[in-house]
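Asks:
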DNA sequence: TTGCTTTGCGTAAAATTTACACACTGCTTA
DNA sequence: TAAGCAGTGTGTAAATTTTACGCAAAGCAA
């Protein structure tokens with residue numbers, strides 16, 4: 003097998019590339035945010051009613067075009083800020099979707115970002131903006147290819163939350179172990195043994211006992227904890243172990 | 003905290019979007035491939051001498067601009083084919099890099115893809131194309147932001163190979179357990195116990211004993227195996243387990 | 001034939017995960 | 001005010017998985 007095929011011609015001068023970059027090969031680029039929240043023991047995702055006639059009755063992710071002179075991550079933060087007013091939140095790039103006909107307005111390649119926010123921190127005027135927190139188990143038939151994007155981000159979240167302390171971004175700063183377990187059960191769609199869950203987290207030793215207890219619960223209140231990010235950063239395990 | 007900020011104005015009509023897509027917000031998009039190979043018990047990456055004066059003495063990843071009417075994945079396969087002549091190889095999108103000044107020719111956002119190929123399958127005329135297989139531990143100071151892209155892809159490979167049977171793409175179809183272990187040790191940069199490694203893989207039960215033995219080795223030859231992809235697809239585990 | 005290297009197959013101890021029990025606290029209400 | 005209820009807090013024993021090694025046998029080289 004030979005490598006020469008097509009190789010020489012694919013080496014270009016700076017001038018050629020500049021020409022291509024400036025004229026013929028330009029594509030619109032967007033960011034779409036999958037914004038997860040947690041409320042009433044349910045994992046939610048923030049959707050907006052599509053403003054395009056073609057998808058009139060459908061919900062879609064929050065997105066916008068990237069500006070030409072804007073860093074990719076900066077665009078994601080801008081869009082999240084514009085849509086929710088939030089800064090300083092967890093935001094992570096997930097995947098880029100670039101099928102030719104994915105957008106009715108023409109060729110638009112979109113970079114999906116995933117965000118986890120504490121739903122208590124923004125009781126926002128949802129309805130007048132046609133925004134809605136959807137139960138994760140009830141998200142179907144989104145506009146564009148947003149269903150595929152959402153599914154990808156949700157699977158990624160399920161995976162990442164088991165290996166990294168992302169979940170705490172969805173909880174209040176002070177939380178009970180029960181709330182933490184409800185969060186994991188909601189995201190992973192499973193039930194776990196309460197005693198083993200507790201044992202697991204205590205063994206990791208990243209929870210700080212605040213010596214406070216829950217208020218206004220109709221039963222024995224549980225202790226409140228916060229996550230020790232500093233300790234986590236120092237001690238986090240290096241992943242070694244073959245398993246599939 | 004309010005959501006109204008900037009929200010209304012960010013809702014656009016199809017016409018507005020079409021205008022933006024067609025004119026003002028267009029950006030050049032490229033694909034860069036991090037092509038891994040395995041040879042002489044070393045993990046290698048395929049690099050090309052940069053053709054741009056600015057990076058004259060530096061090595062860079064293999065990449066090219068995406069065409070306007072070309073699916074993203076299709077572009078990645080095209081570029082891989084143009085550079086190596088290979089089709090039907092493992093290819094996976096890793097991450098998109100979009101800092102404003104990452105490319106000297108102007109604004110170019112690049113989507114990084116990772117490829118694993120069997121280095122035996124293409125003894126290609128490397129030198130005349132200024133291509134070179136670099137030892138993974140000797141990759142520094144690449145052109146553009148390619149060092150960052152490479153590092154990201156390498157870390158991703160290290161993670162993925164532990165959870166999915168990707169490694170077999172780097173080996174011959176028939177391989178010995180020793181070769182398999184050498185591969186894992188090279189990628190993960192660790193030493194493993196030979197007996198436990200063997201036990202681990204036999205327990206997974208995805209290896210097919212070919213009843214053949216190695217040839218031309220200067221010691222007792224080992225048995226040869228191939229990977230049972232069908233069985234893997236049926237039995238692969240669903241990942242549940244909190245650990246960080 | 002001997003020595004060398006590497007394969008192939010064990011087993012015992014250590015660590016982790018799983019399954020499950022029971023007392024206690026605080027609220028509710030009869 | 002006492003009994004019932006719901007959920008918290010703490011174990012412990014069994015099962016499973018991981019780790020750390022030992023040793024015989026195969027094939028090559030001298």
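Protein chains in written order, with the numbering used here: chain A, 3 to 246; chain B, 3 to 246. C-beta: ideal position from N, C-alpha, C; glycine also. Just so you know, these numbers come straight off a predicted model, no measurement behind them.
(1) Taking Cβ positions only, does residue 92/A come closer than 8 Å to chain B?
(2) Only counting the same chain, and skipping five residues up and downstream in sequence, which positions put a Cβ closer than 7 Å to that of residue 45/A?
(3) Below 8 Å on the Cβ atoms is my contact criterion, and I expect residue 165/A with residue 153/B to pass it. Report the Cβ-Cβ distance as a whole number of Å.
(4) Starting from residue 146/A and walking both ways along the beta strand (DSSP E), at which residues does that stretch end?
(5) If we require 3 or more residues per run, which beta strand (DSSP E) segments fall completely within the region 180 to 222 of chain B?
(6) Counting pairs of Cβ atoms below 8 Å between the region 98 to 107 of chain A and the region 13 to 20 of chain B, do you hit three or more?
(7) Based on DSSP bridge pairs, tell me the residues matched to residue 47/A.
(8) Note down, in chain order, every chain B residue with its Cβ under 9 Å from the Cβ of residue 192/A.
(9) By Cβ distance below 8 Å, which residues in the same chain neighbour residue 58/A in space, the five residues on each side in sequence not counted?
(10) Taking just the CA atoms, how far does residue 200/B sit from residue 79/A?
(11) Residue 68/A CB to nearest chain B CB: under 8 Å?
(12) Taking only beta-carbon atoms, is residue 167/B less than 8 Å away from chain A?
(13) Assuming residue 175/A contacts residue 228/A (C-beta within less than 8 Å), just tell me the rounded distance between them.
(14) Hey, residue 142/A and residue 65/A are a contact pair by Cβ (cut 8 Å); roughly how many whole angstroms apart?
(15) Roughly how many angstroms lie between the CA atoms of residue 230/B and residue 172/B, to the nearest whole one?
(16) Report all residues from its chain with a CB closer than 7 Å to the CB of residue 43/B; omit the five preceding and five following residues, and keep chain order.
(17) What does DSSP give as the partner residue(s) for residue 66/B in the beta ladder?
(18) By the criterion of Cβ-Cβ separation under 7 Å, what are the contact partners of residue 107/B in chain A?
(19) For chain B, check one thing: does any of its Cβ atoms lie closer than 8 Å to the Cβ of residue 173/A?
(20) Tell me, please, whether the CB atom of residue 98/A is closer than 8 Å to any CB atom in chain B?
(21) Using DSSP with H/G/I as helix, E/B as strand and the rest coil, what is residue 17/B?
(22) Beta carbons nearer than 9 Å to chain B: which residues of the region 26 to 57 of chain A have them?
(23) Should residue 24/A be labelled buried (16 or more other beta-carbon atoms within 10 Å of its own) or exposed?
(24) Excluding five sequence neighbours on each side, which residues of the same chain lie with their C-beta closer than 7 Å to the C-beta of residue 180/B?
(25) Any idea what DSSP makes of residue 160/A, helix, strand or coil?
(26) Of all Cβ atoms in chain A, is any one closer than 8 Å to the Cβ of residue 71/B?
(27) Quick test of your reading: residue 144/A and residue 117/A, contact by CB under 8 Å. State the CB separation rounded to the nearest angstrom.
(28) Tell me which same chain residues have a C-beta within less than 8 Å of the C-beta of residue 210/B, skipping the five on either side of it?
(29) Consider the Cβ of residue 156/B: report whether some Cβ of chain A lies at a distance smaller than 8 Å.
(30) Which residues mark the beginning and the end of the alpha helix (DSSP H) in which residue 78/B is found?
(31) Any residues in the region 186 to 210 of chain B with a beta carbon nearer than 9 Å to a beta carbon of chain A? Which ones, in chain order?
(32) When you compare each of 86/B, 84/B, 33/B to residue 75/B by their alpha carbons, which one comes out closest?
(33) Roughly how many angstroms separate the alpha carbons of residue 194/A and residue 205/A, rounded to a whole number?
(34) Assuming contact is defined by CB atoms lying nearer than 8 Å, are residue 148/B and residue 63/B in contact in what I supplied?
(35) What is the rounded straight-line gap between the Cα of residue 241/A and the Cα of residue 235/A?
Replies: Put simply:
(1) Answer no: the Cβ-Cβ gap between residue 92/A and chain B never drops below 8 Å.
(2) 38, 138, 188, 189
(3) The pair is not a contact, with the Cβ atoms about 19 Å apart (cut-off 8 Å).
(4) It is not in any beta strand (DSSP E) - residue 146/A carries neither H nor E in the DSSP assignment.
(5) 209 to 215
(6) yes
(7) Its beta-bridge partners are 38/A, 136/A.
(8) Chain B residues near residue 192/A: 242.
(9) Cβ contact annotation for residue 58/A (same chain, cutoff 8 Å, sequence separation greater than five): 52, in chain order.
(10) Roughly 47 Å separates the two Cα atoms.
(11) yes
(12) At least one chain A Cβ lies under 8 Å of residue 167/B.
(13) Contact holds; Cβ gap of about 6 Å.
(14) The C-beta separation of residue 142/A from residue 65/A comes to about 19 Å, leaving the pair out of contact by the 8 Å criterion.
(15) Their Cα atoms are separated by approximately 15 Å.
(16) In the same chain as residue 43/B, and ignoring 5 residues on each side of it, the C-beta atoms closer than 7 Å to its own belong to 184, 188, in chain order.
(17) 33/B
(18) 16, 19, 20, 23
(19) By this cut-off, residue 173/A is not an interface position.
(20) By this cut-off, residue 98/A is an interface position.
(21) Looking at residue 17/B - three-state DSSP - the assignment turns out to be helix.
(22) 26, 27, 28, 29, 30, 31, 32, 50, 53, 54, 55, 56
(23) Looking at its Cβ environment, which holds fewer than 16 other Cβ atoms inside 10 Å, residue 24/A is exposed.
(24) 224
(25) Helix.
(26) Yes - at least one Cβ of chain A is within 8 Å of the one on residue 71/B.
(27) About 17 Å separates the two Cβ atoms, so there is no contact after all.
(28) 227, 228, 229, 230
(29) no
(30) 74 to 86
(31) 186, 190, 192, 194, 199, 202, 203, 206, 208
(32) 33/B
(33) 16 Å
(34) yes
(35) Answer to the nearest angstrom: the Cα atoms are 14 Å apart.
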